[in-house]
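Have a look at the structure below before the remarks.
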Amino acid sequence: MKLNLIDIIFTVLFIFPIISGFIKGFRDIDTKYEFLRIEKDVMTLISVILGVLITSKTNIITGIIDKLKDNIAIFGNLYGITYQIIYIILVLIFIWLIYRLLIIITKLINNVTVEPLLTLIGNITRRGGIKRRLFGGIFSIPTSLVNVIIAAFIIKILTLMPIVNVINPYVNNSDIYEKLNDKLISPVSNSYIIKEFPKIVSDSFQIKVVEVADENNNSNKPIQNNKDKKSPKIKEIVYYNGVTLDHGIKSSPAIKAEALRITNGKNTEREKAEAIYRWIGTNIRYDDNKAAAVMNNKYKTDSGAIAAFNTKKGICFDFACLYVAMARDCGLPVKLITGEGYNGREWVPHAWNEVYLKDEKKWVKVDSTFYDAGNYFDTNGFNKDHKESSIAGEWN
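Position one of the sequence shown corresponds to residue 656 (my numbering), numbered consecutively onward.
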């Protein structure tokens, strides 16, 4: 396994307490202190696991946030990174409450069991130095596990912060973090980032195919009966949220100027592609009202790149179209992908992008709609909440 910076950090956090415990040994004079310290480490670990499981399987945290939004004015407009920070703080408080409850329970148990156990361990460790050292190392394992889990949560929080992006390449290539994320961190992510915030994958993407007559390339009349032998040639026009793809990805002088500005000074195509992703994710807000209107077939507002850029809001198709427009303006080959995204309960229609990095000779997946939910630029976990993709359009 090839170690990177994140893997090295995890390895050191796990090994150091064990080595330290082995060197110091299980000292008889500190037996009670050591036992209680280890007990607290174990309770911390159990508290984190229980907190993750409970908050991921229930709506307890989102329920509290809803109450705060309804009753306290300052919380009325929670969204974006602020929502995430509040959620994380509440999860940590919930884990702390579980920890305090477990400590109370263990104290009651200690009154009956700790003294005999400590006496036994003390007798064993007095018989030889190697046994004392082995016990010192073994009893340090819970501390090592707690250190690694806490570090994993801290790294997850850092990847959610737009201002902290330098660690993302290391995180994406960390085998240890990937395993921890799959087994422990993802349940939290799936419960609040994908399911509750932001509501970026609502059922808000409509694709309609209209068959029109193409006689002499002049008619746009819908075909009423395809079985009519006298009908002219049939041409299909695909509408995405009420507009054609050509209309959706159309750029403007203002869009091009902004795209060139934000990529100015970027030396690689990866830097340019990621700069566009971050600009869209930071400046375009998800439009819940438009999402609801689209699902009711009410296309009162325009869709696509220009609409998103001018209004600074839109839904997944608008985000994806704007990425296409800005990428093309910067000379980056790009695709618009349609498929399904997971909203925590079900898979629903969604749109995102792929951009080609010529200097790396590969396509990378990008979802600027998901920007507030974490890193969705060329990340290993992309396919966990995106599937059944097809290419709606590709531009060189």
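Where a beta carbon is used, it is the ideal one built from N, C-alpha and C, also for glycine. These figures come from a predicted structure and were not determined experimentally.
Selected residue, minimal CA-CA separation from D943, among I748, K968, Y978: Ranking I748, K968, Y978 by Cα distance to D943 puts K968 first.
Cβ contact (3+ pairs, closer than 8 Å) linking the segment 959-966 and the segment 1002-1010: At 8 Å Cβ cutoff, the stretches do not touch.
Where S1023 falls: helix, strand or coil (DSSP): Look at S1023 here: in three-state DSSP terms it is helix.
Whole-angstrom distance between V697 and I678, CA atom to CA atom: Computed Cα separation, rounded: 21 Å.
8 Å Cβ cutoff met for S1023 and F974: Cβ distance < 8 Å, so S1023 and F974 count as in contact.
Proximity of I1061 and L705 at Cβ, strictly below 8 Å: Outside the displayed span of the chain (656 to 1051) sits residue 1061, for which this structure offers no information.
Per-residue DSSP class, three states only, for Y832: In the three-state DSSP reduction, Y832 falls in the helix class (H, G or I).
Alpha-carbon to alpha-carbon, K712 and V746: Rounded to the nearest angstrom, the two C-alpha atoms are 13 Å apart.
Check whether A806 and L900 have beta carbons under 8 Å apart: Pairing A806 with L900 gives a Cβ-Cβ distance that is not under 8 Å.
Local Cβ density within 10 Å of A728, reported as buried at 16 or more and exposed below that: Classification of A728: exposed, given that the 10 Å Cβ count is below 16.
Start and end residues, beta strand (DSSP E) containing N1008: For N1008, the enclosing beta strand (DSSP E) begins and ends at 1002-1012.
First and last residue of the uninterrupted beta strand (DSSP E) at A1047: Annotation for A1047: the continuous beta strand (DSSP E) segment containing it runs 1041-1050.
Cβ neighbour criterion (16 or more within 10 Å) applied to P908: Counting C-beta atoms within 10 angstroms of its own C-beta, P908 has fewer than 16 neighbours from the protein chains shown and is therefore classed as exposed.
Rounded straight-line distance, which links the Cα of N827 to that of Y1031: Across the structure, Y1031 and N827 are spaced so that their CA atoms are roughly 11 Å apart.
CA nearest to the CA of K1013, picked from T699, I661, N922: Comparing Cα positions, the closest option is N922.
Through-space distance from V803 to L668, alpha-carbon basis: Roughly 6 Å between the two C-alpha positions.
For K1052, the three-state DSSP class (helix, strand or coil): Only positions 656 to 1051 of the chain appear in this structure, which leaves residue 1052 out of reach.
Whole-angstrom distance between I793 and W1018, CA atom to CA atom: Whole-angstrom Cα-Cα distance: 47 Å.
Cα-Cα separation between S1045 and P1004, rounded to whole angstroms: Spanning the two alpha carbons is a distance of roughly 12 Å.
Other residues of its chain near N871: CB distance less than 7 Å, five sequence neighbours each side excluded: For N871, the predicted model reports a pLDDT of 48, less than 50, meaning its position is unreliable; a value from the coordinates is still stated below. Close CB contacts of N871 within its chain, under the 7 Å cut and outside five residues either way in sequence, are absent.
Which listed residue (V707, K1020, N1035, E833) has its alpha carbon closest to that of Y932: When each option's Cα is compared against that of Y932, the closest is K1020.
Residues bridged to R940 [DSSP beta-bridge criterion]: In DSSP, R940 forms a bridge with K968.
CB of I831 within 8 Å of CB of D1033, strictly: No; because the gap between Cβ atoms is not below 8 Å, this pair is not in contact.
Inter-residue Cα distance where the pair is K724 and I741: Cα to Cα, K724 sits roughly 11 Å from I741.
8 Å contact criterion, which P672 and S795 should meet: CB distance rounded: Right, their Cβ atoms sit about 4 Å apart.
Paired residues, beta bridge with W934 - DSSP: Note: W934 sits in no beta bridge, so no partner.
V803, DSSP secondary structure in three states: V803 falls in the helix class under three-state DSSP.
Beta strand (DSSP E) segment containing K990, residue limits: Run containing K990: 989-997, per the beta strand (DSSP E) assignment.
Coarse secondary structure for K679, derived from DSSP in three states: Shown here, K679 sits in a helix according to DSSP, grouped into three states.
Proximal residues to F808 (C-beta, below 6 Å), its chain only, five neighbours per side dropped: Answer for F808: no residue qualifies.
Per DSSP, the bridge partner or partners of K1017: Beta-bridge analysis with DSSP links K1017 to L1012.
Selected residue, minimal CA-CA separation from A947, among V707, I748, V979, I970: With distances taken between Cα atoms, A947 lies closest to I970.
CB contact flag (I904, V979, <8 Å): Closer than 8 Å, so yes.
Where R787 falls, given that 16 or more other Cβ within 10 Å makes a residue buried: Note on R787: 16 or more other CB atoms within 10 angstroms of its CB, so buried under the neighbour-count rule.
Environment of T993 [buried if 16+ CB atoms lie within 10 Å]: Burial is judged here by how many other beta carbons sit within 10 angstroms of a residue's own beta carbon; T993 has at least 16 and is buried.
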